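Peer 1: A single structure is presented below for examination.
In the numbering used here, the protein residues as written are 4 to 348.
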């Protein structure tokens, strides 16, 4: 059905460029994931496991519950939309030959890889977001309750190894050489270690997904320009023709799906960066509003200095910061190139 219509040269050229970017992104993603970065993702997950051990098994259940709920809701919707767009694309582009079937199959597989990488990156970022949010909220709650209760209930199973704080399980383990310092100082010292592990996880995440995400950004821009402009062309040329209307719907839906996944991913990066960097503000609020002793104040200053030097930022190989300004820039570029394509004869 797609080949029954006359296509202007600029649509053919845009389609070729879009296919080049889509296939290049899939190939680069597979190469970097299999041959270059295959050890970085397990290392990141290992660091997150250490953080979970520090947080404690009871509190981490809520984080796992939120993550599982997101996966249970997101995967069926993703599979449904992907299946719909694949069936519609096959119905539009098929011509009955084996070469055409192979081309459609390979193209669909590459698109699936690209979207899957985006969703995987988004899920890992959300995992980091939950942990940053929890430790900051718990720190604020701890110093809010501190003036009304004295923390004295400690259980020491073995003085040579670890001791546990019953009242505040966020920092359940402290080494034995810290037994002589105050409980607040112990907790802040452990929190500094937790932040280091989370920061290392962010570095590994940027390193693992840097090149694929850079290609993904370029692919989203080019693919959306091609799909949305082609959809507008078929919609204008339909004149009540059902076939042209179906093709226009497919093109627009294809572009919107790509853009929605990208927008959601960038929004998660922005929110996680803001949540991680909220720690400095929270510490200053604690020092200004809470009655902390000198020793605790010194430890809080050290933690604040550490967080100030370890700003969390998600990037695409260091070229682009993944935040809301980037999303606005990408949408602006897509609309600009669509207007340019409309004006070119």
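Each residue gets a CB set at the ideal place from its N, CA and C atoms; glycine is no exception. Computed from a predicted structure; not experimentally measured.
#1: Kindly say whether residue 123, judged by its beta-carbon, lies nearer than 8 Å to any beta-carbon of chain B.
#2: Suppose contacts are defined by Cβ-Cβ distances below 8 Å. Is residue 207 in contact with residue 131 by that definition?
#3: Say the cut is 7 Å; is the CB of residue 102 nearer than that to a heavy atom of the ligand ADP?
#4: Count the other CB atoms within 10 Å of the CB of residue 35; is the residue buried (16 or more) or exposed (fewer)?
#5: What residue range does the alpha helix (DSSP H) around residue 274 cover?
#6: Going by beta carbon distance, what residues of the same chain come within less than 6 Å of residue 135, once the five residues before and after it are set aside?
#7: By Cβ distance below 6 Å, which residues in the same chain neighbour residue 57 in space, the five residues on each side in sequence not counted?
#8: Secondary structure at residue 317, three-state DSSP: helix, strand or coil?
#9: Check whether the Cβ atoms of residue 269 and residue 326 lie closer than 8 Å to each other.
#10: From the DSSP output, in three-state form, read off residue 322 for me.
#11: Nearest CA to the CA of residue 305: which residue from 45, 54, 120 and 190?
#12: Going by CA-CA distance only, name the one from 203, 298 and 252 that's closest to residue 50.
#13: Would you report the Cα separation of residue 37 and residue 114, rounded to the nearest angstrom?
#14: DSSP three-state label for residue 329, please.
#15: Since I believe residue 102 is in contact with residue 217 (beta carbons under 8 Å), could you give me their beta-carbon distance rounded to a whole number of angstroms?
#16: Would you kindly report the start and end of the unbroken alpha helix (DSSP H) that includes residue 45?
#17: Which one of 12, 112, 24 and 235 has the shortest CA to CA distance from residue 342?
#18: Tell me the rounded alpha-carbon separation between residue 330 and residue 124.
#19: Do you know how far the Cα of residue 110 is from the Cα of residue 29?
#20: Does residue 91 come out as helix, strand or coil in the three-state DSSP assignment?
#21: So, residue 13 versus residue 211, is the Cβ gap smaller than 8 Å?
#22: Terminal residues of the continuous alpha helix (DSSP H) containing residue 10?
#23: Output needed for residue 289: all residues of its chain with C-beta closer than 6 Å, excluding positions within five of it in sequence on either side, in chain order.
#24: Within 10 angstroms of the Cβ of residue 80, are there 16 or more other Cβ atoms? Answer buried if so, exposed if not.
#25: Let's test the definition: count the other Cβ atoms within 10 Å of the Cβ of residue 273 and tell me whether it reaches 16, buried, or not, exposed.
#26: Spatial neighbours of residue 222 within its chain, please: CB distance less than 7 Å, with the 5 preceding and 5 following residues excluded, ordered by chain position.
#27: Taking the Cβ atom as the reference point for each residue, do residue 209 and residue 94 lie within a distance shorter than 8 Å?
#28: Suppose contacts are defined by Cβ-Cβ distances below 8 Å. Is residue 205 in contact with residue 315 by that definition?
#29: Given a cut-off of 8 Å, decide if residue 120 and residue 215 are closer than it, judged by their beta-carbon atoms.
#30: Could you tell me how far apart the beta carbons of residue 232 and residue 344 are, in whole angstroms, since I believe they sit closer than 8 Å?
#31: List the endpoints of the continuous alpha helix (DSSP H) containing residue 308.
Peer 2: In terms of the structure at hand:
#1: No chain B appears in the structure shown, which is made up of a single protein chain.
#2: Taking 8 Å as the cut-off, the Cβ atoms of residue 207 and residue 131 do not count as close.
#3: In the structure on display, the ligand ADP does not appear, and there are no ligands present to speak of.
#4: The residue in question, residue 35, is buried, as its Cβ has 16 or more Cβ neighbours within 10 Å.
#5: Counting along the chain, the alpha helix (DSSP H) containing residue 274 begins and ends at 245-279.
#6: Within the same chain, residue 135 has close Cβ partners 278 and 279.
#7: Counting only Cβ-Cβ distances below 6 Å, and skipping sequence neighbours, we find 197.
#8: It is coil, neither helix nor strand.
#9: Cβ distance < 8 Å, so residue 269 and residue 326 count as in contact.
#10: Assigned with DSSP and collapsed to three states, residue 322 falls in coil, not helix or strand.
#11: Checking every option, the nearest Cα to that of residue 305 belongs to 190.
#12: Nearest C-alpha to residue 50: 203.
#13: Straight-line Cα distance between these residues: approximately 18 Å.
#14: DSSP, reduced to helix, strand and coil, places residue 329 within a helical segment of the structure shown.
#15: Contact flag wrong, Cβ pair sits at about 32 Å.
#16: Boundaries of the alpha helix (DSSP H) harbouring residue 45: 43-58, taken from the DSSP string.
#17: Closest option to residue 342, judged by alpha-carbon separation, among 12, 112, 24 and 235: 235.
#18: In this model, residue 330 and residue 124 are separated by some 16 Å (Cα to Cα).
#19: Distance between the alpha carbons of residue 29 and residue 110 is about 10 Å.
#20: Reduced to three states, the DSSP call for residue 91 is helix.
#21: Taking 8 Å as the Cβ cut-off, residue 13 and residue 211 do not qualify as a contacting pair.
#22: Where residue 10 is concerned, there is no enclosing alpha helix (DSSP H), given that its DSSP letter is neither H nor E.
#23: The residues are 146.
#24: Here residue 80 is exposed. Its C-beta has fewer than 16 other C-beta atoms within 10 Å.
#25: If you draw a 10 Å sphere on the C-beta of residue 273, you find 16 or more other C-beta atoms in it, and that means buried.
#26: Answer for residue 222: 24, 25, 28 and 117, listed in chain order.
#27: Judged by beta-carbon spacing, residue 94 lies beyond the 8 Å limit of residue 209, meaning their Cβ atoms are not closer than that value.
#28: Contact flag set, yes.
#29: Yes, the pair counts as a contact, with Cβ atoms nearer than the cut-off.
#30: In this structure residue 232 is in contact with residue 344, their Cβ atoms being roughly 5 Å apart against a cut-off of 8 Å.
#31: Annotation for residue 308: the continuous alpha helix (DSSP H) segment containing it runs 297-312.
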